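J.:
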Amino acid sequence: MERPIVIVGASLAGLRAAQAVRKGGHAGPLTILGAERHRPYTRPPLSKELLVGAQEAGDCALPCDDLDAVWRLGVPASALDLAQRELILDDGERIAYDRLLIATGSRARLWPGPQVELEGLHTLRDVDDALALRAALAGRPRLAVVGGGFIGCEVAAGARKLGLDVTVIDVAPQPMPALGHELGERCAELHRAHAVDLRLGTAVERFEGAGRLEAIRLADGSRVEADVAVIALGAVPNTDWLAGSGLGLEPGVVCHATLQARGADEVFCAGDVAAWPHPMADGELVRIEHWTTAAEQGTAAGRNMVAAPADRVPYAAVPYFWSDQYDVKIQAVGLMTRAERTEVLESDGSRFVAAGVRDGRVVAAVGFNAARRLAFYRRRLAGMPPLEELAAEVAADVKALVAA
Amino acid sequence: MTKVHVDMNLCQSHGECAYVAPEIFELGDDDVLQWKPEVDPSLREKAEEAADACPMQAIRVED
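Line order of the protein sequences matches chains B and U.
Per the working numbering: the first sequence = residues 1 to 404.
Per the working numbering: the second sequence = residues 1 to 63.
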């Protein structure tokens, strides 16, 4: 019997890979396994539209009815046998594959301290989490958000839209560490302007309550009264099940530029789990958790899975991410985490674009309500232009916002 | 001709479509999307790529 192409992970990256495999001419069997019981859906609305009731779970579904594949949902993989080319499931079942795509994504990082046995604590990763949190917010609780990254800031903004009292706690001095400290300070101003109580530069000491959460004690001695807390401490790639497989797993499944796992040419990766050498990072491994990267990598990996070895293409796109907070759309292109400083290159009141600079070269750009301008930067960033060169181009560009 | 629909109730001006398929999509002043509702079938592939790239799933492509 012909071994199938197997995709483990039924979210955005896995779906795009499956579509690319079919589009690339694979007529043989194709199997998609998903740990969740749901067909693929898009996650960005979970912390935005879904949370405030502007969208329902069904609105998040990704179209996939016309895909010719065998779906096995609610079936997490538990191990990988590279020598036999077999996936192993929880119940011991083995699924043989010809080529495998690993797209198992990531999960919410749990509270790292002693386990808290209190009602009212939430994390937010999948649609069931989002619906549970939405139900909890309907009771108009006092909300504390632990962690001021993407999810934490978006939940805070959504909860303020619902009119709740919101406190955001983070050990860092600014929210949104992915934007660097200067733009993080702008985010802090944004949240303060919307009456969020920011408790920055201090850690959570403990959660207090009898059965239900009542308050959070902070390391600075203060106490935040809260009925519901969202633990928003980032994500952890789902690579545990690959321990012992022989694949490199730090900082994610270690891949070549073609998204093939190192040491296993018939295994490919896409999305949050993939770590691959990016030309904008001087060839260092990067692992990126953005929606667009998952979509693009799924397509790229799927194409490479069915391409002749000599025709496999490196994945080297300039990353893109966004975050919606209040009336601000924050968008970033490039590798902002590698930037050492930021410099505003164009600005028009509350709209602006800042360059992320490393060693005098622009490695990222962040816009606040400047969507029209971002494509220019995204095209230019692959070559990491010197700051002066890019600034001169912007100054001469009639389409730019007013030069800062 | 190939038809390109955009649900402007969903569009949030990410600009992914304009990046992937500038022949069809463009963000205008004030970041509002403008696009060609009918394109030559030779651009169908591009239009579909743009639809896949849209974070809001706001784009539909039809013959």
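All C-beta atoms, glycine included, are put in the ideal place defined by N, C-alpha and C.
Nothing here was measured: the structure is a model prediction, and the numbers come from that model.
(1) Tell me which same chain residues have a C-beta within less than 7 angstroms of the C-beta of B/V21, skipping the five on either side of it?
(2) Does the beta-carbon distance from B/A275 to B/V254 come in below 8 angstroms?
(3) So what does B/P386 bridge to, in DSSP terms?
(4) Quick check: what's the CA-CA separation for B/A135 versus B/A54?
(5) B/A382 versus chain U: which residues are under 8 angstroms apart at the beta carbon?
(6) Near B/P173, what residues of its chain come up, given a Cβ to Cβ distance below 6 angstroms and the 5 sequence neighbours on each side ignored?
(7) Going by C-alpha distance, which of B/L374, B/D324 and B/L249 is nearest B/L345?
(8) Could you give the DSSP three-state label for B/Q260: helix, strand or coil?
(9) Measure from the C-beta of B/N238 to each C-beta in chain U and report whether the shortest distance is under 8 angstroms.
(10) Can you pull the chain U residues whose beta carbon is under 8 angstroms from the beta carbon of B/K161, in chain order?
(11) Take B/G263 as the anchor and find which of B/V8, B/G246, B/C64 and B/L46 has the nearest alpha-carbon.
(12) Along chain U, in chain order, which residues have C-beta atoms closer than 8 angstroms to that of B/P40?
(13) Below 8 angstroms between beta carbons is the criterion; list the residues of the segment 36–56 of chain U that meet it against any residue of chain B, in chain order.
(14) Helix, strand or coil: how does DSSP classify B/A404 here?
(15) Counting pairs of Cβ atoms below 8 angstroms between the segment 177–185 of chain B and the segment 87–100 of chain B, do you hit three or more?
(16) Return no unless some Cβ of chain B is closer than 8 angstroms to the Cβ of U/Q12.
(17) For B/W291, go through chain U and note every residue whose CB falls closer than 7 angstroms to its CB, in chain order.
(18) Taking C-alpha atoms, which residue in B/S350, B/G383, B/G252 and B/W322 lies nearest to B/D282?
(19) The alpha helix (DSSP H) spanning B/Y320 covers which residue range?
(20) Tell me whether the segment 343–361 of chain B and the segment 221–232 of chain B touch, counting them as touching only if at least three CB pairs, one residue from each stretch, are closer than 8 angstroms.
(21) With 16 other CB atoms within 10 Å as the buried threshold, where does B/L390 fall?
(22) Quick check on this structure: which residue in B/R372, B/A364, B/A392 and B/A395 has the alpha carbon closest to the alpha carbon of B/L407?
(23) I need the boundaries of the beta strand (DSSP E) containing U/V4, first residue and last residue.
(24) At a CB-CB cut-off below 7 angstroms, which residues of chain U make contact with B/L374?
(25) From B/A404 to B/L15, what does the alpha carbon distance come to, in whole angstroms?
(26) On a Cα-Cα basis, can you pick out the residue from B/A316, B/L46, B/G148 and B/A370 that is closest to B/V171?
(27) Rounded to whole angstroms, what is the Cα-Cα separation between U/L10 and B/P45?
(28) Just verifying my parser: in three-state terms, what is the DSSP assignment at B/Q297?
(29) Beta-carbon of B/R338 versus every beta-carbon of chain U: anything under 8 angstroms?
(30) Using a Cβ-Cβ cut-off of 8 angstroms, state whether U/D31 counts as contacting chain B.
(31) Using a Cβ-Cβ distance cut-off of 8 angstroms, determine whether U/A18 contacts chain B.
(32) With 8 angstroms set as the bound, which would you pick, yes or no: does the beta-carbon of B/P385 sit closer than that to a beta-carbon of chain U?
(33) Is it true that the CB of B/L190 sits closer than 8 angstroms to the CB of B/V328?
(34) Quick one: is B/Q331 buried, meaning 16 or more other Cβ sit within 10 Å of its Cβ, or exposed?
(35) Taking buried to mean at least 16 other C-beta atoms within 10 Å of its own C-beta, is B/V398 buried or exposed?
(36) Anyone know if the C-beta pair for U/V61 and U/R44 falls short of 8 angstroms?
T.: Result, derived from the coordinates:
(1) Closer than 7 angstroms at Cβ, skipping near neighbours: I5, L30, G302, M305 and V306.
(2) Yes, these two residues count as a Cβ contact at 8 angstroms.
(3) The partner list for B/P386 (beta bridge, DSSP) reads B/R361.
(4) Per the coordinates, the alpha-carbon of B/A135 lies some 14 angstroms from the alpha-carbon of B/A54.
(5) What B/A382 touches in chain U: nothing, since even the nearest Cβ is about 12 angstroms away.
(6) Contacts found: L200 and G201.
(7) For the residues B/L374, B/D324 and B/L249, the minimum Cα distance to B/L345 belongs to B/L374.
(8) The DSSP-derived three-state label of B/Q260 is strand.
(9) False, the Cβ-Cβ gap to chain U never drops below 8 angstroms.
(10) Within chain U, no residue comes near B/K161; the closest Cβ sits about 16 angstroms away, beyond 8 angstroms.
(11) That would be B/G246, whose Cα lies nearest to the Cα of B/G263.
(12) Those do not exist, as B/P40 stays about 11 angstroms from chain U at its closest Cβ, beyond 8 angstroms.
(13) Per Cβ criterion, the list reads D52, A53 and P55.
(14) Its pLDDT being 45, under 50, B/A404 is placed unreliably in this model, and the value from its coordinates should be taken loosely. Three-state result, B/A404: coil.
(15) In short, these stretches do not touch, since the Cβ pair count stays below three.
(16) Chain B, which has a Cβ nearer than 8 angstroms to the Cβ of U/Q12, makes this yes.
(17) The answer, in chain order, is P55.
(18) Measuring C-alpha to C-alpha distances from B/D282 to each of B/S350, B/G383, B/G252 and B/W322 identifies B/G383 as the nearest.
(19) Per DSSP, B/Y320 lies in no alpha helix (DSSP H); the unbroken beta strand (DSSP E) holding it starts and ends at Y320 to Q325.
(20) Contact fails: fewer than three Cβ-Cβ distances are below 8 angstroms.
(21) Buried, because 16 or more other Cβ atoms sit within 10 Å of the Cβ of B/L390.
(22) Nothing in the structure corresponds to residue 407 of chain B, since chain B is present only between 1 and 404.
(23) Counting along the chain, the beta strand (DSSP E) containing U/V4 begins and ends at T2 to V6.
(24) Counting only Cβ-Cβ distances below 7 angstroms, B/L374 has contacts in chain U at G15, in chain order.
(25) Summary for B/A404: the model assigns pLDDT 45, below 50, so the residue's position carries little reliability, and this model does not support an answer.
(26) Among B/A316, B/L46, B/G148 and B/A370, the Cα nearest to that of B/V171 is on B/G148.
(27) Straight-line Cα distance between these residues: approximately 11 angstroms.
(28) Helix at B/Q297.
(29) No, because no Cβ of chain U sits closer than 8 angstroms to the Cβ of B/R338.
(30) With 8 angstroms as the cut-off, U/D31 counts as an interface residue toward chain B.
(31) At least one CB of chain B lies nearer than 8 angstroms to the CB of U/A18.
(32) No Cβ of chain U is located within less than 8 angstroms of the beta carbon of B/P385.
(33) A Cβ-Cβ contact shorter than 8 angstroms links B/V328 with B/L190.
(34) By the neighbour-count definition (other C-beta atoms within 10 Å, threshold 16), B/Q331 is a buried residue.
(35) B/V398 counts as exposed, since fewer than 16 other C-beta atoms from the protein chains shown sit within 10 angstroms of its C-beta.
(36) Result yes, Cβ atoms of U/V61 and U/R44 sit closer than 8 angstroms.
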